[in-house]
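K.L.:
Here it is, the structure in full.
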Amino acid sequence: MQVTGTVLTTRRVDAYHALTVVAPGIAERYRPGHFVSVAVGGAQTSMVTRRALSIHDVKSDYGGTVELVFTARGPGTAWLAERRARDTLDLVGPLGRPFPLPRDPVHCVLVGSEYGSALLFPLADALLARGCRVDFVLGGTGAERVFGAMRARRIAQTTTLTTEDGSLGLRGKVTDALPSVITDTRADAVYACAPMETLRAVTAVGMEFDIPVQVAVEESMACGIGVCMTCVLPVIGDDGVTRMVRACAEGPVFRGERVRFEDVGTIPFDALGAPGGGARHVS
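The end of the sequence shown is residue 284 by the numbering used here, with every number in the run present.
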C-alpha cells in the first residue's frame, strides 16, 4: 500500500541513519524481511526513482510506526538523512517476500554485515516468540559500521562481533567466525543479510554444514514492485531450471543454495529464455 507517513523521530546509529515514520497500514501488514520503497527529493525533484529501505523495527505507537535504517551514500539517501520530525514521506510497502519461519523450535544463527543487520532484529523477535534459540554474528569494516551490537547482546544467547580492521570483536569477516558459531550452537538454520559476496560465502558455509541458509539479497531496486526489472538475478527453481527473478517481488529472501551468486549481474546461458536456456543446472 502507498501511504504518506509523518517522520516521528530521527537519530544516528554510529555510521547509519534511522527514521521512525508513522505508517499504520504498513506496520500492520509487516513481516520480518519486508522492506519499503520511499520517494526522495520532494515534489519538484528530478530524482524519480525510489529508494528501497530495510525495516529495522515496527511498533504499535501512534497506530503503527516503522523504523528505517540506511546509510547516506548518494543524493537520494542524503536527502532522506536531512529529514526531521514532522516532515512527511511517501512510502510503499510492505514489499517483498518475508523470511520463512520454522514450524518447530530450532537453533538459528543470524548473520548480518553493515546495515544489512538491521532487518534481522524483527526476525530474531519472531524466532524467539516461537521458542527458537537465536545467536548473532554481526560484522563490518570497522566498529562504527557494526549495526545493532548492543541490542543483539540483550536478546540473543550469544553475539559474535567481527571487524575487518580489528577495532571491535574478532578481526576478520563474519564468515570467518561463522563455522565455529554453527558448531558451538549446534545450529539448525542460518539467516543472513549482507552484501552479495558475503551472502555467497555464508551460503557456502551452510552447505558445508548441511544446514539451510535463508538470505535477504541486497540488489539495487528502482521501483520495488517488480515492474522495472532492474533487480533480477539468476535463481534455480524447484524444477532445477534457472530463471531470472526479481529480488523485489520473488525476493528479497531466497534459499541461499538456489541463488547463482557467481552469475549475479549476468544472464547465464542456461537460464530460461536465454539462448539454449532452460537446461537443468548442474553444480
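Glycine residues also receive a C-beta, built at the ideal position from the N, C-alpha and C atoms.
Keep in mind that this is a model prediction, so the values were computed, not measured.
By DSSP's criteria, valine 37 is part of a beta bridge. Which residues make up the other side?
P.N.:
Leu54
K.L.:
Less than 8 Å separating the beta-carbons of threonine 199 and serine 61?
P.N.:
no
K.L.:
Applying the criterion that 16 or more other CB atoms from any shown protein chain within 10 Å of the CB defines a buried residue, is alanine 44 buried or exposed?
P.N.:
Residue burial annotation: alanine 44 is exposed, with fewer than 16 other C-beta atoms found within 10 angstroms of its C-beta.
K.L.:
Would you kindly work out how many angstroms separate the C-alpha atoms of alanine 150 and cysteine 224, rounded to a whole number?
P.N.:
If I take the Cα positions, the gap works out to 31 Å.
K.L.:
For tryptophan 80, I'd like the list of residues in its chain whose CB is within less than 7 Å of its CB, leaving aside the five on either flank, ordered along the chain.
P.N.:
Val41, Gly42
K.L.:
Looking only at its chain, what residues have a beta carbon closer than 6 Å to the beta carbon of threonine 160, apart from the 5 residues adjacent to it on each side?
P.N.:
Phe137, Ala153, Arg154
K.L.:
Quick one: measure Cβ to Cβ for valine 203 and threonine 164, integer angstroms, because I've assumed they're closer than 8 Å.
P.N.:
The Cβ separation is near 17 Å, so there is no contact.
K.L.:
I need the DSSP call for phenylalanine 210, collapsed to helix, strand or coil.
P.N.:
helix
K.L.:
Short check: CB of threonine 89 to CB of threonine 5, under 8 Å?
P.N.:
yes
K.L.:
Considering just the uninterrupted stretch of the beta strand (DSSP E) at aspartate 136, what are its terminal residues?
P.N.:
134-141
K.L.:
Under a three-way DSSP split, which group does glycine 6 fall into?
P.N.:
Three-state DSSP puts glycine 6 in a strand.
K.L.:
Which two residues bound the contiguous beta strand (DSSP E) that contains serine 114?
P.N.:
Its beta strand (DSSP E) spans residues 108-114.
K.L.:
In angstroms with no decimal places, state the Cα-to-Cα distance between threonine 78 and threonine 21.
P.N.:
15 Å
K.L.:
Count the other CB atoms, across all protein chains shown, that sit within 10 Å of the CB of methionine 230; report buried if there are 16 or more and exposed otherwise.
P.N.:
exposed
K.L.:
Give the list of continuous beta strand (DSSP E) stretches no shorter than 3 residues that lie fully inside the region 208-253.
P.N.:
214-217, 233-237, 243-247
K.L.:
Give the C-beta separation of tyrosine 17 and phenylalanine 148 to the nearest angstrom, bearing in mind that I take them to be a contact with Cβ-Cβ under 8 Å.
P.N.:
6 Å
K.L.:
Output the boundary residues of the beta strand (DSSP E) element that contains alanine 190.
P.N.:
Looking at the DSSP string, the run of the beta strand (DSSP E) that includes alanine 190 is 190-194.
K.L.:
Under the rule that 16 or more other beta-carbon atoms within 10 Å means buried, what is glutamine 158, buried or exposed?
P.N.:
In the assembly as shown, glutamine 158 is an exposed residue. Its beta-carbon has fewer than 16 other beta-carbons within 10 Å.
K.L.:
Mind listing, in chain order, the continuous beta strand (DSSP E) runs of no fewer than 3 residues lying wholly within the region 53-96?
P.N.:
Fully enclosed beta strand (DSSP E) runs of 3 or longer: 66-71, 89-96.
K.L.:
Taking alanine 24 as the reference, give the member of Leu69, Gly170, Ala275 with the closest Cα.
P.N.:
Leu69
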